[in-house]
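A short worksheet on the structure shown next.
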Amino acid sequence: MKVTENKIYNPEIECMDRDELKALQLSRLQETVKLCYERVPLYRQRMDALGVKPEDIKTLSDITKLPFTNKTDLRDEFPFGLLAADKKDIVRIQGSSGTTGKPIVSGYTANDVEVWTEMVARSLTAAGGGQDDIIQVTYGYGLFTGGLGAHQGATRIGAMTVPMSAGNTQRQLMMMHDLGATMLCCTPSYAIFLGESIREMGYDPKEFQLKSGCFGAEPWTEEMRNKIEELFDINAYNIYGLTEIAGPGVAYECPAKAGMHINEDHVIAEILDPETDEPLPYGARGELVFTTITKTGMPMIRYRTHDLCTLTEEKCSCGRTHVRMGRIMGRTDDMLVIRGVNVFPSQIETVLLRVAGVAPHYQLIVDRVNSTDTLEVQVELTEEMFSDTVADVERIRDEIKEGIKSVVGIAASIKLVPPKSIQRSEGKAKRTIDKRGLTN
Ligand code: DLL
Numbered sequence: 360m361k362v363t364e365n366k367i368y369n370p371e372i373e374c375m376d377r378d379e380l381k382a383l384q385l386s387r388l389q390e391t392v393k394l395c396y397e398r399v400p401l402y403r404q405r406m407d408a409l410g411v412k413p414e415d416i417k418t419l420s421d422i423t424k425l426p427f428t429n430k431t432d433l434r435d436e437f438p439f440g441l442l443a444a445d446k447k448d449i450v451r452i453q454g455s456s457g458t459t460g461k462p463i464v465s466g467y468t469a470n471d472v473e474v475w476t477e478m479v480a481r482s483l484t485a486a487g488g489g490q491d492d493i494i495q496v497t498y499g500y501g502l503f504t505g506g507l508g509a510h511q512g513a514t515r516i517g518a519m520t521v522p523m524s525a526g527n528t529q530r531q532l533m534m535m536h537d538l539g540a541t542m543l544c545c546t547p548s549y550a551i552f553l554g555e556s557i558r559e560m561g562y563d564p565k566e567f568q569l570k571s572g573c574f575g576a577e578p579w580t581e582e583m584r585n586k587i588e589e590l591f592d593i594n595a596y597n598i599y600g601l602t603e604i605a606g607p608g609v610a611y612e613c614p615a616k617a618g619m620h621i622n623e624d625h626v627i628a629e630i631l632d633p634e635t636d637e638p639l640p641y642g643a644r645g646e647l648v649f650t651t652i653t654k655t656g657m658p659m660i661r662y663r664t665h666d667l668c669t670l671t672e673e674k675c676s677c678g679r680t681h682v683r684m685g686r687i688m689g690r691t692d693d694m695l696v697i698r699g700v701n702v703f704p705s706q707i708e709t710v711l712l713r714v715a716g717v718a719p720h721y722q723l724i725v726d727r728v729n730s731t732d733t734l735e736v737q738v739e740l741t742e743e744m745f746s747d748t749v750a751d752v753e754r755i756r757d758e759i760k761e762g763i764k765s766v767v768g769i770a771a772s773i774k775l776v777p778p779k780s781i782q783r784s785e786g787k788a789k790r791t792i793d794k795r796g797l798t799n
């Protein structure tokens, strides 16, 4: 595997003295809070309720005086209620799936697209990217931020950008091979699938030019990194982001592969105890909370990501000074990320409960088989249906499968089980069994 050269896209910012960086963060935070207070009714109401005024933000630690923002706020204010800019100044909408099937959307001004592009440019450069590269973008293009986000960053660094979007393994490999792609951007699980398909599709791995890749959008482990690096003989880098903040590039790995540098000139990261909402020190595992400090379209104040990780301020060998976040260890809510798609148990429940003949008792079994996420939906048949014909049972299975495919967008295997066979709970029902063991 080739060693990645330690290239830095914006050394002035990425290697900034931490005191200077903090001063920059404070002035940007103050501007953002003022903007939100003046332009977004929800922020003003919440700040008024807490008795906080923009002038009260005098130091960075005053951020804890500010109210939190949650995914439910984006749903309640859907689509434009949280805009701080005039609608005419929004140049892009991106989104991700939500519980009701309605996406959560975020509006970006030209400034926000620029900020995001710079963040991805930094990420790709950190992974060794530059003008001489051919970058295959295999994240989905559309409302999902992966495709367009990686595309913008790849174009910005002057690479030859190949907008493949997701899927069609054969074509992905053909293009990768024929164009001589040097970098790949996709979900880690799809990277493994692609890697495993190289030989199956009759290619010789030595004929590929790939040297590195930026993988993210779903949780993955060091074991998966090793597997991807082995399959392609490349360096595999982690990249993190979320639609509400900016899409991919909010944080990215450098050649040290020791956590992801958070673009702290654009966001302030906090780690909180998800139970008490109290700030935790660096090194402690907690919920990641972001405040954007340069966004003008839909700025986010203390946005609860529900992602669990640690932060470190320790010096990194690459020379960058920005705080690093560790791998995402899990989420505080019930959202599952299956093959890069956000899946809420409630979406599946909606499908199940529309089908006659099934009881409202189900369980989702998520696993990782041959490095690909699988979802099995176990659902009980009603007593009547249980004694019915095989044809009827088959019909139910198909109906559920199709329903999940259309509402959630992923294929699931359906296991119809006898009445009363799924364990009942006296408290909260345990709907999900995640066997992927993403703990490191
Ligand atoms: O997944 C943005 C993205 C695209 C990141 C491509 C990286 C690469 P959303 O669809 O809004 O945005 O989903 C955001 O995905 O809160 C995490 O739970 C999860 N996630 C994203 N990146 C990582 C990662 C994009 N590197 C949600 N590791 C986040 C673990 C990740 N989880």
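Position one of the sequence shown corresponds to residue 360 (our numbering), numbered consecutively onward. Just so it is clear, CB atoms sit at the ideal spot from N, CA and C, and this is done for glycine as well. Just so we're clear, the structure is a prediction, and the values are computed from it rather than from any experiment.
The beta strand (DSSP E) enclosing residue i, as first and last residue numbers
| i | result |
| --- | --- |
| I773 | S772 to V776 |
| A628 | V626 to L631 |
| V362 | Looking at the DSSP string, V362 is not in any beta strand (DSSP E), and its letter there is neither H nor E. |
| L543 | M542 to C545 |
| M619 | M619 to I621 |
| Q495 | I493 to V496 |
Under 8 Å between C-beta atoms of residue i and residue j
| i | j | result |
| --- | --- | --- |
| I494 | L483 | yes |
| L401 | M657 | no |
| P578 | I463 | no |
| A576 | T528 | no |
| L569 | M535 | yes |
| V648 | E629 | yes |
| A595 | F574 | yes |
| I724 | E739 | no |
| A486 | V496 | no |
| Q706 | V767 | yes |
| R451 | Y467 | yes |
| T423 | P638 | yes |
| L711 | R690 | no |
| E425 | V392 | The amino acid at residue 425 is misidentified as Glu; the sequence shows Leu. Yes, they are a contact pair. |
| M360 | D592 | yes |
| Q737 | I781 | yes |
| T664 | G685 | no |
| R727 | R795 | yes |
| N470 | T650 | no |
| T731 | R698 | yes |
| L714 | G762 | Before going on, a small fix: residue 714 reads as Val here, not Leu. Contact flag set, yes. |
| V521 | L502 | no |
| A802 | Y498 | An answer regarding residue 802 cannot be provided, because it is not within the stretch 360 to 799 covered by the chain. |
| P719 | F745 | no |
| T709 | V474 | no |
| G303 | M523 | Because the chain here runs from 360 to 799, residue 303 falls outside it and cannot be looked at. |
| C675 | C613 | yes |
| P607 | T504 | yes |
First and last residue of the uninterrupted alpha helix (DSSP H) at residue i
| i | result |
| --- | --- |
| P522 | First-last for P522: M519 to P522, but that is the beta strand (DSSP E), not the alpha helix (DSSP H). |
| I792 | Careful: I792 lies outside any alpha helix (DSSP H), inside the beta strand (DSSP E) at T791 to D793. |
| E308 | Outside the modelled stretch of the chain, which goes from 360 to 799, sits residue 308, for which no answer is possible. |
| V766 | V749 to V767 |
| T651 | Unbroken run through T651 is the beta strand (DSSP E), G645 to T651; no alpha helix (DSSP H). |
| Q384 | R377 to R398 |
| Q511 | T504 to R515 |
| Q531 | T528 to L538 |
Next item on the list: Would you be able to state if there are at least three C-beta pairs under 8 Å between the segment 402-417 and the segment 673-680?
Entry: no
Next item on the list: Starting from the N-terminal side, write out each stretch of the alpha helix (DSSP H) that is 4 residues or longer and does not extend beyond the segment 406-479.
Entry: Listed in chain order, the complete alpha helix (DSSP H) runs (minimum 4 residues) inside the segment 406-479 are 430-435.
Notebook entry, point to check: In chain order, which continuous runs of the alpha helix (DSSP H) of length 4 or greater are located wholly inside the segment 556-612?
Noted result: Runs found: 581-591.
Check: Any chance the segment 381-397 sits against the segment 428-440, with 3 or more Cβ pairs inside 8 Å?
Finding: no
Margin query: Threshold first: 3 residues or longer. Then list the beta strand (DSSP E) segments lying entirely within the segment 659-745, N to C.
Written below: 662-668, 695-697, 700-702, 717-728 and 731-740
Check: Counting Cβ pairs, one atom from each stretch, are 3 or more of them under 8 Å apart for the segment 634-646 and the segment 693-713?
Finding: no
Check: With contact counted as at least three CB pairs below 8 Å, one residue from each stretch, are the segment 755-763 and the segment 656-673 in contact?
Finding: No contact exists between the segment 755-763 and the segment 656-673.
Notebook entry, point to check: Pairing CB atoms from the segment 596-604 with CB atoms from the segment 548-558, are three or more of them under 8 Å?
Noted result: no
Checklist line | At least 3 beta-carbon pairs within less than 8 Å: the segment 509-523 vs the segment 617-633 | finding: no
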